[in-house]
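At position 87 of the sequence shown (counting the first as 1) the number is 87 in full-length UniProt numbering, and the numbers step up by one without a gap.
Take a look at the structure below.
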Amino acid sequence: MSLTVFLAVMGAALMHAVWSALVKGGPDKLMNMTAIVVGHIPIVLILFPFVDVPARESWPYLIGSIGLHIGYQLFLILAYRLGDLSQVYPIARGSSPLIVTAVSVLVLGVTLQVSEWLAIVVIGLGILSMCIVRQADGMRNRNAALAAIVTGCFISSYSLVDGTGARLAGSALDYYAYQTVGDVLIFGLIATVMWAFTHAPIPLVVALRETGIVFALFIGVFFMGEKLNLVKVSSTMMTLGGAIILRLSKSL
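Structure below.
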């Protein structure tokens with residue numbers, strides 16, 4: 001993974017943590033999500049004169065991606081209604097790198113080096129370890145945990161679909177512009193990640209993207225008044241360690 005792709009995905013992770021905090025922060029989660037999505041329609045409209053129709057082979061993935069993103073957004077809203085940012089976000093995002101890696105290797109035939117495997121496992125364990133923290137309306141709320149897990153399944157699904165579709169489309173920007181016709185998403189996050197999918201193995205991009213959980217942790221502590229403890233600090237350091245291993249792996 002090149003430095004450019006690494007920095008782009010880290011930036012996308014930060015953006016994702018910020019908009020997730022915005023969705024969680026207001027009293028009406030649905031309206032918050034709607035405002036974020038609708039607010040990027042002008043950007044997508046500006047893009048259309050400069051993009052081509054994606055390759056025919058990518059259209060099934062594009063259509064499927066729209067449905068998966070809608071499901072992801074709905075379950076994320078539900079999870080944030082039931083639980084805290086610092087609990088729901090780790091559960092929802094934490095399982096994604098491991099699921100995507102398993103499917104990519106077993107089904108798509110992606111080959112990873114030992115150092116890349118180590119990085120993905122460390123990032124996944126670091127994120128998932130945050131889930132053991134118990135706070136009000138967090139893990140003790142089974143409905144919140146269940147909604148977050150379902151959200152994680154949607155994340156894994158659209159990551160694989162978008163990664164494959166963007167490659168088949170011939171251009172990540174073409175794929176993104178047409179995908180947003182049905183579901184306008186965060187331009188910076190989705191466009192950046194789709195571009196990264198065409199320049200690095202999907203499991204690596206997904207694993208690095210989920211380090212946005214670290215940004216969500218700090219946003220929750222410093223801007224939303226959530227408490228910081230030893231488990232959260234340890235989990236954060238483990239996640240950062242995995243990101244460093246990934247950046248320093250031999251595939252760079």
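Using N, Cα and C, we set each Cβ at its ideal position, and we do this for glycine too.
**OP:** Tell me, to the nearest whole angstrom, how far the beta carbon of G242 is from that of V122; I am working on the premise that it is less than 8 angstroms.
**Re:** With 8 angstroms as the limit, G242 and V122 qualify as a contact, their Cβ atoms being about 3 angstroms apart.
Original post:
Using the rule of at least 16 other Cβ atoms within 10 Å of the residue's Cβ for burial, across every protein chain shown, is S20 buried or exposed?
Top reply: Using a 10 angstroms sphere on the CB of S20, the tally of other CB atoms reaches 16 or more, which defines it as buried.
**OP:** Evaluate contact between the region 24–42 and the region 147–160, counting only Cβ atoms and requiring at least three cross-stretch pairs below 8 angstroms.
**Re:** As far as the Cβ criterion goes, the region 24–42 does not touch the region 147–160, which means the pair count is below three.
**OP:** Have a look at M15 and G220 and give me their C-alpha separation to the nearest angstrom.
**Re:** Spanning the two alpha carbons is a distance of roughly 14 angstroms.
Original post:
Thinking C-beta only, is A147 closer than 8 angstroms to V82?
Top reply: The displayed chain sequence assigns Leu, not Val, to residue 82. The Cβ-Cβ distance between L82 and A147 falls below 8 angstroms.
Original post:
Shortest alpha-carbon distance to V51 belongs to which of T164, T180 and N143?
Top reply: V51 has its Cα closest to that of T180, out of T164, T180 and N143.
Original post:
Of the residues P201, L3, L74 and A216, which one's Cα is nearest the Cα of residue 258?
Top reply: In the structure as shown, the chain begins at 1 and stops at 252. Residue 258 is therefore absent and cannot be evaluated.
**OP:** Measure the CB-CB distance between S96 and A216 and report whether it falls below 8 angstroms.
**Re:** Result no, Cβ atoms of S96 and A216 do not sit closer than 8 angstroms.
**OP:** Within its chain, find whatever has a CB closer than 6 angstroms to the CB of G170; leave out the 5 residues flanking it on each side and keep chain order.
**Re:** Excluding sequence positions up to five before and after G170, its CB lies within less than 6 angstroms of the CB of A55, all in the same chain and listed in chain order.
**OP:** Return yes when the Cβ of S58 is within less than 8 angstroms of the Cβ of Y158, no when it is not.
**Re:** No.
Original post:
So, using beta-carbon positions, are Y175 and L62 closer together than 8 angstroms?
Top reply: Yes, the Cβ-Cβ distance between Y175 and L62 is below 8 angstroms.
Subject >> A148, enclosing alpha helix (DSSP H) - first and last residue >> reply: R142 to A169 is the extent of the alpha helix (DSSP H) around A148.
Original post:
Among F218, M224, F222 and F223, which residue has its Cα nearest to the Cα of S235?
Top reply: For S235, the closest alpha carbon among the candidates F218, M224, F222 and F223 is that of F218.
Subject >> Residues near S156 by beta carbon distance below 6 angstroms, same chain, minus five either side >> reply: Excluding positions up to five away in sequence, the list reads S96, I99 and V100.
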